[in-house]
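There are 2 protein chains.
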Amino acid sequence: MALSKEPYRGTRDFFPVDKRIRDYLFSVMEKTALSFGYESYDGPILEEVELYKAKSGEELINDQIYSFVDRGERFVAIRPEMTPTLARMVAKVHREIQKPIRWFSIPNLMRYEKPQRGRVREHWQLNVDIFGASPSHSALEILQVVITLFKNFGANESHFEILINDRNIVDAVFNQLLQTSAEQNYRLYKIIDKSKKLTPEALEKLINEVQLSEQAKILFKEYLNMSSFDEVQTFLKTHRLESSLQEFSTFLELAKSCHITPFLKYDPTIVRGLDYYTGVVFEVFDKHPDNRRALSGGGAYAHLLKIFNEESVPGVGFGLGDVTLRDFLETHKLLPNFDVASNDIALVMNDPNSFVALNQLASSLRSNGFKVIQTLDCLNFKKMFPFAEKKGALFIGFMGGDEVNQQTIQIKNLGTKEQTSFQLNDLEKIVNHLKNK
Amino acid sequence: MALSKEPYRGTRDFFPVDKRIRDYLFSVMEKTALSFGYESYDGPILEEVELYKAKSGEELINDQIYSFVDRGERFVAIRPEMTPTLARMVAKVHREIQKPIRWFSIPNLMRYEKPQRGRVREHWQLNVDIFGASPSHSALEILQVVITLFKNFGANESHFEILINDRNIVDAVFNQLLQTSAEQNYRLYKIIDKSKKLTPEALEKLINEVQLSEQAKILFKEYLNMSSFDEVQTFLKTHRLESSLQEFSTFLELAKSCHITPFLKYDPTIVRGLDYYTGVVFEVFDKHPDNRRALSGGGAYAHLLKIFNEESVPGVGFGLGDVTLRDFLETHKLLPNFDVASNDIALVMNDPNSFVALNQLASSLRSNGFKVIQTLDCLNFKKMFPFAEKKGALFIGFMGGDEVNQQTIQIKNLGTKEQTSFQLNDLEKIVNHLKNK
């Protein structure tokens, strides 16, 4: 049986067109993060499973992780997320380096998912995190990074919105108002997490299963139905829980002064899991009706280094996957066309005697910063223009018999169709001609 | 027991300084490949083990590969090399796309190595390959890519040399001159591969173990001692094996016309394994006496697609690892300093009332393409200059009480020490000032 030419299930081959798109996504991510003073880091593709267990508990380990025992009896896994690696690296150096620590990374991650639209087994994820600065200012900056990133892709508030909440509010509602047990809390979090995808009947049924008191049930549903910060403020004041609002209010004032509120929408269903997050939490949502889903999520956390027995360092961060981002940009027609490569000039051999002269010119032009693609076998006149266009060349250069004898070259601008003859040794003129495309 | 803060054995964490170095290495690789019209591709981190077995045989599989059975009973491996993925991808599309195919990639690869200097378990490797053009022109171009790459890193012929051979010559010596058996050939290849690291006695001993005829032994040693193309030419002519020289002679003529011979040195010990390569083979060697080793290797091959039952497509390619490259650049002091990040301006808050104004200015400057790092907590005058310098900022901007009242900002050029006051709302002036650094 012949070998399969397909990639491993749930993974992708990046042929040049797709790779150019990926490079574009990453370059905008990188440019944005660098413009805020964030520094790039990376870790290994393998980590010991202990690390993931300490951070995420057993569930992820059992169901989704690519783990195995190596030849030295170490139980290792291909990274399913970057945060544990980040925690390990920050734990190692945070005492020695100046705060705040502003780091970003674009690792590939693997999870054993059932492949479907927007969900693959190997994907890349931008991770941006800040440690050791005031939580409200950090949350503001991280949201500015998110907004600037989407703006740098050409998106605006008609394309996406950021649903936002604060874990201090959620915790106050649960622990002080509903007075639910830890086990009930866990189940309510799960319900909140998927509440938007449920019919009212299904939601009612799930809530009933938690066996809340009638009063708690009413309050929980009231909480779930809020859709603005003013509403939740009134709700919390009514129940004397204003103190839980303090951090979020400070953040919202800052957000208003710094003009990011048009992108924000209060949403009580944003909680992002029971553990880990401790302050502001958010998800970026696509506003397009055909693609209504989360593109990115993040928030403030305090106990990242706990698994290393290190002191608390407050952090805020977010993650953004390449698959959903690309879908978003395609849905809104924001993705530039990357069908062809880009080259400055194609040097095409019509006559075998022109090879060495063209090769020398190619080297000289490359030294001057140009992208030059040279044909290595002869191409006739009919085939050379389609070749140059397929390679995204702006100019084409060629030498027929006359040019070989006279040591000249014809250079044609493929945009203007203007054709000019140059002495081969007049590099300066050729360079200037190519610069004035 | 606290979790370990160390990366998995044989792998590396890339803290920002190391990541900037890696980014620099990759950017020069990418720039060079693009300047020759090569297009970037990538494949998944996992492939089915069948693919590696088909290409490399059992040895690599058994000793060095990170393989395991996934939850769907597929036997998979973390990629130990890129060529099988490349072969799979080329096999899939080569009928549909115009030749030559010029592709490059910089994947991370994992091998179960015993960690030592220059050898780690996870490394990155530039792979550059051309398919479907004339072998001698392709070999010329690939060697030009290699040479240009090293030149773009600031290296010249005093730093590195390219040891070169042709498998047609080696095969003629073995099959027609020595008339050795397949099993003897295999053992002689192994001996040639490591001959440079052996003492004359150890070499003698290994050769004796192959049990060649006295005549074959003399010829083999004579072959091993050649050190120029002229010598091997005379040797082959003497033994009526000129026909094996044809392709290499054509290549060498081209190399001479295109001025790359100063980088090339004929070396009979370059063979690069028994299978796979079929024409020109080469290794790039560091000339520094303290770091005398191969930095890169490659050559011409014809049967890459055979494992997919596809027709032969001639190819030439090379690989270059990040660890040995970095060692090379450090040994020759060719690596720029990446100790600090680079930012255009640090906006430092001395007075809490300046935060919003600084934040708005930061956003405006970022929209104009500047890298701006803003402090989120107050820093006093004594601490703000070291902060800006550590972040590689060219300018520092700050607002004291007076500036907050007057809505002005002080901007100091950290190079010239010149300090200027600007109206906060005079963005154009500030932008122009920052541009004239």
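Chains L and U, in that order, give the protein sequences.
Numbering follows the numbering used here, with no gaps: position 38 of the first sequence is 83.
Numbering follows the numbering used here, with no gaps: position 306 of the second sequence is 351.
Cβ atoms here follow ideal geometry from the backbone N, Cα and C, with glycine treated the same way.
Owing to the predicted nature of the structure, the values given are computational and were not obtained by experimental measurement.
Let me know the secondary structure DSSP gives residue i once reduced to three states.
i, result
"A78/L", "helix"
"S101/U", "helix"
"R57/L", "coil"
"M444/L", "strand"
"S181/U", "helix"
"F113/L", "strand"
"S341/U", "strand"
"H168/L", "strand"
"F327/U", "strand"
"L154/U", "strand"
"Q464/U", "strand"
"I209/U", "strand"
"A47/L", "coil"
"E84/L", "strand"
"Y322/U", "strand"
"M271/L", "coil"
"L380/U", "coil"
"N388/U", "strand"
Please name the residue, chosen from the options, that lies closest to residue i on a Cα-to-Cα basis.
i, options, result
"E483/U", "K50/L, F415/L, E84/L", "There is simply no residue 483/U to check, as chain U begins at 46 and stops at 482 in what is shown."
"L459/U", "G446/U, F205/U, M74/U, G442/U", "G442/U"
"F18/U", "E186/L, K474/L, K462/L, G364/L", "Past the edges of chain U, shown from 46 to 482, lies residue 18/U, and the structure says nothing about it."
"F176/L", "R162/L, R116/L, L286/L, I142/L", "I142/L"
"D211/U", "I151/U, L233/U, H284/U, E292/U", "E292/U"
"T314/L", "L208/L, A402/L, Q221/L, R232/L", "L208/L"
"R338/U", "N481/U, Q189/U, D238/U, S181/U", "D238/U"
"F440/L", "Q405/L, N413/L, N481/L, N450/L", "N481/L"
"Q109/L", "R166/L, M74/L, K241/L", "R166/L"
"L171/L", "N425/L, F71/L, V476/L", "F71/L"
"L365/L", "A136/L, L269/L, K262/L, I192/L", "I192/L"
"E118/L", "F219/U, Y111/U, S412/U", "Y111/U"
"V316/U", "K428/U, G342/U, I305/U", "G342/U"
"P136/L", "S226/L, E267/L, K351/L, T376/L", "Residue 136/L is actually Ala in this sequence, not Pro. Cα-wise, what sits closest to A136/L is K351/L."
"N197/U", "N404/U, G55/U, E75/U", "E75/U"
"R124/L", "K98/L, F113/L, I90/L", "I90/L"
"R116/L", "K159/U, P145/U, N153/U, K100/U", "K159/U"
"Y231/L", "N398/L, D216/L, R140/L", "D216/L"
"P381/L", "H182/L, D63/L, S203/L", "D63/L"
Rounded C-beta distance between residue i and residue j? I'm assuming under 8 Å.
i, j, result
"Y157/L", "E92/U", "With a Cβ gap of about 16 Å, Y157/L and E92/U do not count as contacting."
"D562/U", "G445/U", "Because chain U spans 46 through 482 in this model, residue 562/U falls outside it and cannot be assessed."
"F353/U", "A47/L", "6 Å"
"P61/L", "Y69/U", "With 8 Å as the limit, P61/L and Y69/U do not qualify as a contact, their Cβ atoms being about 24 Å apart."
"L349/L", "A132/L", "5 Å"
"K242/L", "I252/L", "Not quite, the Cβ-Cβ distance comes to about 15 Å (not below 8 Å), so this is no contact."
"N213/U", "S289/U", "5 Å"
"V393/L", "L421/L", "Contact flag wrong, Cβ pair sits at about 10 Å."
"V358/L", "H139/L", "6 Å"
Cutting at 6 Å between CB atoms, please list the residues of its own chain near residue i, excluding the five before and the five after it.
i, result
"S466/U", "T453, Q455"
"A184/L", "F296, V325, A345, V361"
"I418/U", "N388, A391, K436"
"D58/L", "P52"
"R65/U", "F383"
"T369/L", "G163, L340"
"I475/U", "F467"
Note down, in chain order, each residue of its chain lying with its Cβ closer than 8 Å to the Cβ of residue i, except the 5 sequence neighbours on either side.
i, result
"F205/U", "F195, F308, V329, F330, D331, K332, L340, F373"
"G82/L", "R147"
"K266/U", "I252"
Excluding sequence positions up to five away, which residues of its chain have a Cβ less than 7 Å from the Cβ of residue i?
i, result
"G88/L", "T130, M134"
"V565/U", "There is simply no residue 565/U to check, as chain U begins at 46 and stops at 482 in what is shown."
"D312/L", "L208, I209, N210"
"L472/L", "S409"
Could you name the residues of the stretch 377-401 of chain U whose beta carbon sits closer than 7 Å to any beta carbon of chain L, in the order they occur along the chain? A386, N388, V401
Scan the stretch 75-92 of chain U for residues whose Cβ lies nearer than 8 Å to a Cβ of chain L and list them as they occur along the chain. L79, S80, F81, G82, E84, S85, Y86, D87, G88, P89, I90, L91, E92
Cβ-based contacts, 9 Å cut-off: residues of the stretch 149-166 of chain U near chain L: S150, N153, M155, Y157, R166
Note down, in chain order, all residues in the stretch 273-284 of chain U with a beta-carbon under 9 Å from any beta-carbon belonging to chain L. none
Going along the stretch 418-442 of chain L in order, which residues come within less than 9 Å of chain U, judged by CB to CB distance? I418, Q419, T420, L421, D422, P431, F432, K435, K436, A438
Quick one, which residues of the stretch 182-195 of chain L are near chain U if we go by CB-CB under 8 Å, in chain order? H182, S183, L185, E186, Q189, T193
Selection of the stretch 331-347 of chain L by Cβ proximity to chain U, strictly under 7 Å: none
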